[in-house]
Amino acid sequence: DAGITQSPRHKVTETGTPVTLRCHQTENHRYMYWYRQDPGHGLRLIHYSYGVKDTDKGEVSDGYSVSRSKTEDFLLTLESATSSQTSVYFCAISESAAPTNTEAFFGQGTRLTVV
Amino acid sequence: AQKITQTQPGMFVQEKEAVTLDCTYDTSDPSYGLFWYKQPSSGEMIFLIYQGSYDQQNATEGRYSLNFQKARKSANLVISASQLGDSAMYFCAMRERSNSGYALNFGKGTSLLVTP
């Protein structure tokens, strides 16, 4: 199994508070992604990183920021949590950007509830 | 516009039967990859099978095969000899050069229930 760890696995937080989710990999993969999964929507890309300090927005980036100061860590921050950000968050890593036989490996997911 | 369409929200199949999960995609990029993932009730995302746009033959991995019809832009997953442990959500995904960071674009998924 790919070495990818998300923390925390579960979190309940109050509306308006900042929250940071961590993704840690031991595979030295260049690409890292944050997705959110909601019923009826599949997985949607929030932000991604293509190297240290190189990040960009995905489809649903409003209200989220990311940072990647080391190859192995990709942090997702909800600047001021809202109930609409209640979701399951997945981190994914990928060795190569080429759309060839390079699957993305996923973390176990973080279930975030904003009350 | 939806890049990946999975039209079957839920499917039932009897144990030991084969089942086909549908997936159609939309791209103008000649180079792309198609993936299927399984998500059991425990929540993890498990990679099942991959098909490249230039691959001449349909991909197979054990009981999983991908019925790739390029002209129709479809990439259906076929599970042969279904087992109870196949009950899960199944997601079709595509990777193309025009995607943000070459990220996978996912469909909304199909929930498969295998009955005894």
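These protein sequence lines map, in sequence, to chains A and B.
Take 1 as the starting number for the first sequence in my numbering and just add one per residue.
Take 1001 as the starting number for the second sequence in my numbering and just add one per residue.
For glycine and all other residues, C-beta sits at the position ideal for the given N, C-alpha and C.
- Contact of residue 89/A with chain B is not assigned, every C-beta pair being separated by 7 Å or more.
- Here the C-alpha atom of residue 1020/B lies approximately 42 Å from the C-alpha atom of residue 53/A.
- Unbroken alpha helix (DSSP H) stretches of 4 residues or longer found wholly inside the stretch 10-88 of chain A: none.
- Interface annotation, residue 48/A: in contact with chain B, CB-CB separation under 7 Å.
- Approximately 5 Å separates the beta-carbon atoms of residue 1100/B and residue 58/A; this is inside 8 Å, confirming the contact.
- The beta carbon of residue 108/A falls within 7 Å of a beta carbon belonging to chain B, placing the residue at that interface.
- Under the 10 Å beta carbon count, residue 1086/B is surrounded by 16 or more other beta carbons and is classified as buried.
- The DSSP-derived three-state label of residue 1085/B is helix.
- Proximity to residue 47/A across 1103/B, 1112/B, 1113/B, 1114/B peaks at 1103/B, based on C-alpha coordinates.
- A Cβ-Cβ separation of about 26 Å leaves residue 17/A out of contact with residue 92/A under the 8 Å criterion.
- At the C-beta level, residue 1051/B and residue 1034/B come within 7 Å of one another.
- Collapsing the DSSP output to three states places residue 1033/B in a strand.
- 1091, 1095, 1096, 1097, 1100, 1101, 1102, 1103, 1104: these are the residues of the stretch 1084-1105 of chain B whose beta carbon lies less than 7 Å from some beta carbon of chain A, given in chain order.
- Counting only the Cα atoms, residue 1023/B lies some 13 Å from residue 1011/B.
- For the 7 Å CB-CB criterion, residue 87/A and residue 9/A do not form a contact.
- Taking 7 Å as the CB threshold, residue 45/A lines the interface with chain B.
- According to the DSSP secondary-structure assignment, residue 1111/B is paired through a beta bridge with 1010/B, 1089/B.
- Residue state for residue 1100/B is assigned as helix, using DSSP reduced to three classes.
- At a cut-off of 7 Å between beta carbons, residue 33/A contacts chain B.
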